[in-house]
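Structure, as structure tokens:
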Amino acid sequence: MTAAGGVRTVREPARETQILMDADIVVVGGGTTGPFAAIAAARRGRRVVLIERFGSLGGNLTLGLNTKPSGALVGGLPLEIWNLARSHGGAGEDYMAVSKTGGVKIASPCDPEMMKVLLTRLCVDAGVQILFETYVSGPVLEDGAVIGVIVESKVGRRFIGAEVVIDCSADADIAAQAGAPFVMGSGGEEPVMQPVSMYFTMKRVDIPRLADWARTNNDIPARAIPDDPKELDYGLWLTGFNTMLTRFQEETGTRLQRNNITLKTADGVMYVNATRVPGVDVFFPVAFTGAIVECYRQIEAVARFLREQVPGFENARIAQIAPVLGVRETRHIEGEYTLTGPDAIEGRFFEDSIAADSSALDIHEPKGTDVDFRGLRPYEIPYRCLLPLKVEQLLVAGRCISADHVAHARSRNMPACMATGQAAGVAAALAVEQGRRVRDVPIAAIQEILRELGMPLHSNQIN
Ligand SMILES: Cc1cc2nc3c(=O)[nH]c(=O)nc-3n(C[C@H](O)[C@H](O)[C@H](O)COP(=O)(O)OP(=O)(O)OC[C@H]3O[C@@H](n4cnc5c(N)ncnc54)[C@H](O)[C@@H]3O)c2cc1C
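When you read off a place in the sequence shown, starting at 1, and then add 435, the result is the number in our numbering.
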């Protein structure tokens, strides 16, 4: 054991690592983004391996109990999968959430269990080799280009070779280890990041009674409440409870970190987004664990508030707590272009756009207790945001693309993550087909395929 610069270290013996398999394209992370990258590449006939550390696909969308893309799914694979979910009863109709600041288009939430099944089925049908319960511990590089990844599983440590790696780990784990520059949160000396949260669900909620009460309650300023009771299973969305929460905390001495609660239904189950832990260093296991412990405390308190104060919840019980902590923001890679707040808010045109996106702007105050959730005109995401500086044969998709803190408040939403995954899959497949570096794939070729997939590329192509 040695101690250098105050950090204690231990030397591990060097070893030869067995090669598990070779692929054209390795996708790291089978969450909200990764399956879209994998399916898009595999449908073009490439050998694709999708590596996921947990035992199911969907990440924050399914395991995180998130379920609801904030913004319409405007085309391509994301829309295809949502329509498939609808045809299986796994999603409802899209709706408009109305608040004092206007309306936000929301794709219907999905049933996360159905979504796990469909994502897996589509990957398998496309020929993707999924590796579940397999952790990617780092990239291997040769002459500045990624040539594969090291994975850890029950069988031990192995190597998987690849022509192109797509980092969909959400935290840009592979890009960072490969030496690609990145910015944490807002950047600067003391970066701030959006807080972490943990979703939970409640059973035995009288949803029609809740909807009737919410319809006329001033403490629910943002809402979507369908007139047709049959649409309540997927169509109820409520944000507010601020005054009631303040009173509850004063009267009971309970301490909460967030001044509001968002409720939504999916397949008749009530999803609750109400917890918050600010300032967590999610790359430090002790701090990460502390945040989960704190979320559990808040979940008990919020469930008690709902049961005691909100009509419809009188007999409700906690049904499920998300098995993963919901992390909103960590690393943003520094790409060939960094999407800025004004780009995303004003919907600026980009020649190399790979997706027009209508995600809401969704900023949870890094230090405060409020949420800024707004519908805005569509914006565009350039291909260059997926291309990290300094490392070859690596693409990044999902919430860690090259975007600043404000632009990320739109691009972290699931419609944008899915769209960047789809584009990265197409670009990687083209790079392999054409024997080019991902950086050199002609943008016109990527865009042509995305158009064929039904993806609008410019904001004037969607309303
Ligand atoms: C509490 C909360 C509420 C939100 N609400 C909304 C909302 O209402 N609407 C909306 O559109 N967006 C919402 N978001 C944002 C959105 O859900 C996420 O930004 C998005 O899902 C991120 O997608 P991703 O694929 O980048 O990451 P993830 O979905 O987290 O996927 C990353 C995957 O990579 C895997 N992985 C990571 N590292 C490794 C590794 N080294 N080896 C193998 N596998 C690995 C993970 O297990 C995971 O499956 C919310 C986020 C949070 C946290």
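The beta carbon of each residue, even a glycine, is placed where N, CA and C say it ideally should be.
Secondary structure of residue i, DSSP reduced to three states
{"i": "ARG872", "result": "coil"}
{"i": "LEU830", "result": "strand"}
{"i": "ALA615", "result": "coil"}
{"i": "MET890", "result": "coil"}
{"i": "LYS503", "result": "coil"}
{"i": "ALA838", "result": "strand"}
{"i": "LEU566", "result": "strand"}
{"i": "LYS825", "result": "coil"}
{"i": "ALA542", "result": "coil"}
{"i": "ILE897", "result": "coil"}
{"i": "ASP529", "result": "coil"}
{"i": "SER522", "result": "helix"}
{"i": "GLU548", "result": "helix"}
{"i": "PRO850", "result": "helix"}
Identity of the residue in the options nearest residue i by Cα
{"i": "TRP896", "options": "ASN501, PHE784 and ASP807", "result": "A small fix is needed here, since residue 896 is Gln in this sequence, not Trp. Nearest C-alpha to GLN896: PHE784."}
{"i": "ARG766", "options": "HIS893, VAL831 and ASP459", "result": "VAL831"}
{"i": "VAL539", "options": "GLU868, SER793 and VAL861", "result": "SER793"}
{"i": "ARG812", "options": "GLU883, LEU829, PRO616 and ARG845", "result": "ARG845"}
{"i": "ARG872", "options": "ASP457, ARG478 and VAL581", "result": "VAL581"}
{"i": "ILE601", "options": "ILE753, GLU743 and VAL463", "result": "VAL463"}
{"i": "ALA419", "options": "PRO574, VAL717, ASP716 and PRO777", "result": "Summary: the structure shown does not reach residue 419, with the chain confined to residues 436 through 898, and so no result is reported for it."}
{"i": "PHE567", "options": "ILE486, GLY747, GLU729 and MET679", "result": "ILE486"}
{"i": "ALA597", "options": "ASP608, VAL584 and SER604", "result": "VAL584"}
{"i": "ALA611", "options": "CYS852, ARG450 and PRO823", "result": "PRO823"}
{"i": "PHE409", "options": "LYS589, PRO574 and ASP578", "result": "Past the edges of the chain, shown from 436 to 898, lies residue 409, and the structure says nothing about it."}
CB-CB length for residue i against residue j, believed under 8 Å
{"i": "HIS799", "j": "ARG711", "result": "7 Å"}
{"i": "PRO544", "j": "LYS503", "result": "4 Å"}
{"i": "LEU821", "j": "VAL745", "result": "Incorrect: roughly 43 Å between the Cβ atoms, too far for contact."}
{"i": "VAL627", "j": "PRO801", "result": "4 Å"}
{"i": "PRO850", "j": "ALA532", "result": "PRO850 to ALA532, Cβ: 14 Å. No contact."}
{"i": "GLY466", "j": "LEU496", "result": "7 Å"}
{"i": "GLY499", "j": "GLY761", "result": "5 Å"}
{"i": "PHE683", "j": "ASN695", "result": "Their Cβ separation, rounded to whole angstroms, is 12 Å, which puts PHE683 and ASN695 out of contact at 8 Å."}
{"i": "VAL737", "j": "ALA709", "result": "4 Å"}
{"i": "THR636", "j": "ALA754", "result": "4 Å"}
Exposure label - residue i; buried when at least 16 CB within 10 Å
{"i": "LYS825", "result": "exposed"}
{"i": "SER522", "result": "exposed"}
{"i": "ILE454", "result": "exposed"}
{"i": "ASP899", "result": "Residue 899 lies beyond the stretch modelled for the chain, which goes from 436 to 898, so this question has no answer here."}
{"i": "TRP606", "result": "Note that residue 606 corresponds to Asp in the displayed sequence, not to Trp. When all chains shown are included, ASP606 counts as buried."}
{"i": "GLN869", "result": "exposed"}
{"i": "ALA472", "result": "buried"}
{"i": "ARG592", "result": "exposed"}
{"i": "GLU447", "result": "exposed"}
{"i": "SER572", "result": "exposed"}
{"i": "ARG690", "result": "exposed"}
{"i": "ALA476", "result": "buried"}
Taking the runs of the beta strand (DSSP E) that are 3 residues or longer, which of them lie wholly in the region 448 to 480? Counting only runs of 3 or more, we get 453 to 463.
Please list the segments of the beta strand (DSSP E) lying wholly inside the region 713 to 801, counting only runs of 3 or more residues, in order along the chain. 752 to 756, 766 to 768, 788 to 792 and 796 to 799
List in chain order: all unbroken beta strand (DSSP E) runs of 3+ residues lying wholly within the region 634 to 659. 635 to 638 and 657 to 659
At what residue ranges does the region 569 to 635 contain a whole run of the beta strand (DSSP E), taking only runs of 3 or more? Counting only runs of 3 or more residues that sit fully inside the region 569 to 635, the beta strand (DSSP E) segments are 570 to 577, 580 to 588, 591 to 602 and 617 to 619, in chain order.
Taking only runs of the alpha helix (DSSP H) that begin and end inside the region 664 to 715, which ones reach a length of at least 4 residues, in chain order? For the region 664 to 715, whole alpha helix (DSSP H) runs of length 4 or above, ordered along the chain, are 667 to 670 and 677 to 687.
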